[in-house]
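Numbering (my numbering), first residue to last: 247 to 372.
Pasting the structure below:
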């Protein structure tokens, strides 16, 4: 599914008057993640499955921010360098994926639940 098709699928479920960002998340399944503004002028985040076009919409205010996800990581881990922080989807669960290097330069992934801010999963020392 190309980015344009993901945007079209998102607009069928929620009318976006503005799209601020589009990212691709490649996990077990690929998702397009759109950040935008709906007709009610609310900030929304839309996950679109590249596999089947399923659309999940959440208001940004109903979840934690990128900074709150990073704060959760820093409370539990001591990363040498954070490489990226992006919205993701694991088993139909919206989350933040934080990709970072540990002090021994090993790759780590830390997943934080979008809604609750709780830790979901870690993939360490790759």
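Ideal Cβ placement from N, Cα and C applies to all residues, glycine included.
Do residue 309 and residue 291 have their C-beta atoms within less than 9 Å of each other?
Yes.
What is the DSSP secondary structure of residue 313, reduced to helix, strand or coil?
helix
Using the Cα positions of residue 319 and residue 356, report the straight-line distance between them to the nearest angstrom.
Their Cα atoms are separated by approximately 7 Å.
Would you kindly work out how many angstroms separate the C-alpha atoms of residue 315 and residue 288, rounded to a whole number?
21 Å
Roughly how many angstroms separate the alpha carbons of residue 250 and residue 368, rounded to a whole number?
32 Å
Should residue 334 go down as buried or exposed, given a rule of 16 or more other Cβ atoms within 10 Å for buried?
Buried, since its Cβ has 16 or more Cβ neighbours within 10 Å.
For the putative contact between residue 252 and residue 303, defined by C-beta atoms under 8 Å, what is the C-beta separation to the nearest angstrom?
Rounded, the Cβ-Cβ distance is 13 Å, inconsistent with contact.
3-residue-minimum beta strand (DSSP E) runs that sit fully inside the region 283–331, ordered along the chain
289–295, 301–305
Between the alpha carbons of residue 326 and residue 258, how many angstroms are there, rounded?
Using only the alpha carbons, I get a separation of about 42 Å.
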